[in-house]
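Numbering (UniProt numbering), first residue to last: 1 to 576.
Heads up, the beta-carbon is just placed ideally off N, CA and C, and yes, glycines get one too.
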Ligand SMILES: Nc1ncnc2c1ncn2[C@@H]1O[C@H](COP(=O)(O)OP(=O)(O)OP(=O)(O)O)[C@@H](O)[C@H]1O
């Protein structure tokens with residue numbers, strides 16, 4: 001599976017998105033910029049004051065003439081300190097807000113993506129975008145960006161100050177720029193592939209480690225320890241060699257930067273010497289220009305050394321903005337007309353090559369309970385997903401009361417799929433996901449209806465017990481009952497149950513069947529039945545084979561007809 005099935009925004013799209021965000025926050029941006037300028041300006045002042053000081057000392061000025069300079073330096077230091085802190089806070093706040101918006105947009109789109117898109121793309125890609133990519137952009141927004149922006153402002157203002165001292169000194173300062181650019185031109189094309197190789201080697205090592213740990217029983221059983229250790233060793237060695245390569249390259253890059261610094265400073269000093277001899281500038285001005293330039297060493301290095309992080313953040317941003325470019329159908333709003341579920345000539349394939357459903361039509365009357373039966377791979381889950389609006393048919397329609405399911409307001413159709421999820425948190429909140437305003441009595445009533453109240457109350461903190469990942473463990477059957485209780489609270493007119501009891505062992509299965517029956521009483525219900533007792537209790541049964549309807553009728557009719565269902569039923573009875 002390609003890891004980039006979800007789109008990645010182009011550079012143009014990413015910039016356009018970023019500019020839109022910044023335009024929306026013009027005021028905040030202007031304030032950040034203004035405070036940043038004050039901070040940079042305040043840090044340039046003491047240096048120019050130093051130049052003035054040198055000239056005063058050379059001219060044997062009186063002690064009192066030094067006082068205003070000392071005051072200026074102290075005030076500039078205070079203002080600079082405050083403004084620099086404020087700039088960092090403002091830039092990170094701006095960055096964090098934009099990032100929060102991006103994360104909300106991405107998750108918002110991801111949650112409304114059609115199931116097929118997510119299945120094809122692989123959830124891993126999406127998870128790495130909202131996880132690792134958000135972290136990379138967050139790091140840039142919170143730490144790298146404030147440094148870079150302050151450094152850029154300081155760089156521009158320092159150059160301006162050098163030109164302000166004397167244009168010739170400014171030109172001498174500019175002379176170092178080409179060496180920096182050359183260093184970057186040497187480094188960037190070399191660093192990108194080696195960093196990418198290092199990242200993938202580290203990824204491969206983690207993958208190997210994870211596989212070995214997850215499959216540790218198999219590894220022990222087949223005595224594969226040595227072989228696994230050897231492969232992990234090899235992968236580690238590759239990652240280590242690449243890391244050493246990255247470090248070597250970086251050290252050589254630092255050498256080039258140092259060379260550029262040396263060249264710049266030497267140019268200013270030599271040129272300054274000449275300018276002083278020609279009486280174009282004073283010694284103090286030359287000294288100030290040299291210190292201004294020297295003070296740029298740190299900021300420039302910071303910008304250059306964070307280039308990789310900025311590149312990673314840029315790539316992450318493009319991946320996040322890319323998710324936002326996916327077309328997502330707006331949530332439906334149509335009200336319920338009648339609770340009749342219909343599928344008409346529905347054709348569907350997970351990919352373009354194989355048709356999984358081939359022109360299926362079925363109808364579930366209001367309040368009717370219809371069971372779908374068929375061998376593995378017949379297409380039952382696919383039909384259920386289409387009926388619930390999780391999958392969209394390639395041809396035909398799935399509708400409730402004549403309205404396509406994707407146009408219906410939320411809460412009219414609900415599905416309990418094979419993967420019922422217990423969300424981490426108090427059990428009662430898990431229930432309230434379906435109905436946020438439900439009170440404790442309603443939640444308890446829902447649990448009671450599905451026969452789960454007794455065990456829920458018996459949990460260590462009753463309904464307030466933390467369940468889900470890291471919380472009190474629930475059995476698979478309890479998880480199913482919780483899902484059924486959520487369905488009761490949501491109170492949909494149409495319920496689709498896909499193997500709601502399949503998880504349970506045979507002892508608990510009957511109890512779960514009973515829970516499912518109670519939860520769906522009075523609702524139009526389409527039920528994927530793997531246990532034929534569930535089908536036998538339904539009003540009508542539809543037998544699917546190879547994506548088409550093979551038989552349809554009541555249990556008694558189908559048994560009497562002696563067809564596929566009758567064979568399945570006979571086999572089921574002899575087994576049980
Ligand atoms: N996400 C998917 N991507 C590709 N093919 C899929 C996917 N899900 C199901 N299929 C294929 O579609 C066909 C129908 O699967 P479906 O799960 O609907 O059948 P089923 O009758 O519910 O089977 P089971 O009883 O085993 O759950 C099968 O051939 C299956 O391999």
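Between the Cα of residue i and those of the options, spot the shortest distance and give me the residue it belongs to.
{"i": "residue 491", "options": "229, 431, 256, 255", "result": "431"}
{"i": "residue 569", "options": "549, 548, 537", "result": "537"}
{"i": "residue 364", "options": "58, 289, 552, 254", "result": "552"}
{"i": "residue 304", "options": "144, 94, 44, 59", "result": "144"}
{"i": "residue 55", "options": "284, 280, 301", "result": "284"}
{"i": "residue 467", "options": "26, 109, 482", "result": "482"}
{"i": "residue 516", "options": "357, 416, 461, 214", "result": "416"}
{"i": "residue 566", "options": "548, 26, 391, 541", "result": "541"}
{"i": "residue 529", "options": "179, 379, 404", "result": "379"}
{"i": "residue 358", "options": "108, 545, 32, 560", "result": "545"}
{"i": "residue 577", "options": "563, 227, 521, 421", "result": "Coverage of the chain is limited to positions 1 through 576, which leaves residue 577 absent and any answer about it impossible."}
{"i": "residue 94", "options": "276, 33, 311, 329", "result": "33"}
{"i": "residue 346", "options": "386, 43, 88", "result": "386"}
{"i": "residue 235", "options": "246, 207, 218, 251", "result": "207"}
{"i": "residue 460", "options": "426, 134, 477", "result": "426"}
{"i": "residue 73", "options": "434, 53, 152", "result": "53"}
{"i": "residue 388", "options": "275, 409, 377, 563", "result": "409"}
{"i": "residue 101", "options": "63, 48, 57, 18", "result": "18"}
{"i": "residue 70", "options": "59, 82, 48, 90", "result": "48"}
{"i": "residue 198", "options": "221, 117, 246", "result": "246"}
{"i": "residue 244", "options": "212, 174, 202, 223", "result": "202"}
Who are the near neighbours of residue i in its chain, counting only those whose CB is closer than 8 Å to its CB and skipping five residues on each side?
{"i": "residue 407", "result": "332, 333, 334"}
{"i": "residue 523", "result": "339, 367, 492, 493, 494, 495"}
{"i": "residue 428", "result": "440, 443, 463, 464"}
{"i": "residue 356", "result": "348, 349, 350, 379, 382, 547"}
Excluding the 5 residues flanking residue i on each side, which residues of the same chain have their C-beta closer than 6 Å to its C-beta?
{"i": "residue 172", "result": "267, 268, 271"}
{"i": "residue 289", "result": "162, 165, 169, 268"}
{"i": "residue 313", "result": "136, 137, 140"}
{"i": "residue 86", "result": "35"}
{"i": "residue 342", "result": "363, 399"}
{"i": "residue 384", "result": "496, 498, 528"}
{"i": "residue 535", "result": "371, 373, 529, 541"}
{"i": "residue 525", "result": "369, 495"}
{"i": "residue 447", "result": "453, 456, 485"}
{"i": "residue 504", "result": "At residue 504 the pLDDT is 48, less than 50, meaning the model places this residue with poor confidence; the figure from the coordinates comes in the next sentence. These residues qualify, in order along the chain: 477, 512."}
{"i": "residue 520", "result": "495"}
{"i": "residue 98", "result": "21"}
Below 7 Å CB to CB, which residues in the same chain sit around residue i once its five sequence neighbours on both sides are set aside?
{"i": "residue 216", "result": "none"}
{"i": "residue 41", "result": "157"}
{"i": "residue 260", "result": "176, 179, 180, 183"}
{"i": "residue 105", "result": "324"}
{"i": "residue 153", "result": "36, 37, 40"}
{"i": "residue 113", "result": "326, 328"}
{"i": "residue 96", "result": "141, 142"}
{"i": "residue 61", "result": "none"}
Are any of the Cβ atoms in chain E nearer than 8 Å to that of residue i?
{"i": "residue 380", "result": "Annotation note: the requested chain E is absent from the structure, which comprises a single protein chain."}
Lining residues of ligand 1 - beta-carbon closer than 6 Å to any non-hydrogen atom, in sequence order:
119, 350, 356, 374, 376, 377, 378, 379, 380, 381, 382
Residue ranges of each alpha helix (DSSP H) run of no fewer than 4 residues wholly in the region 111 to 186, ordered along the chain?
115 to 121, 123 to 128, 134 to 139, 145 to 165, 167 to 174
Whole beta strand (DSSP E) elements within the region 334 to 392, 3-residue minimum
341 to 348, 357 to 364, 369 to 374
Quick check for students: name the residue ranges of the beta strand (DSSP E) that lie wholly in the region 387 to 423, counting only runs of 3 or more.
395 to 400, 413 to 416
Runs of 4 residues minimum, wholly inside the region 461 to 542: which ones carry the alpha helix (DSSP H) assignment?
476 to 490, 506 to 520, 532 to 536
Within the region 8 to 41, ranges of the alpha helix (DSSP H) (whole runs, at least 4 residues)
11 to 24
What ranges does the alpha helix (DSSP H) occupy inside the region 257 to 322, keeping only unbroken runs of at least 4 residues that lie completely in it?
283 to 295, 297 to 305
Every unbroken alpha helix (DSSP H) within the region 201 to 225, with a cutoff of 4 residues, ordered by chain:
216 to 221
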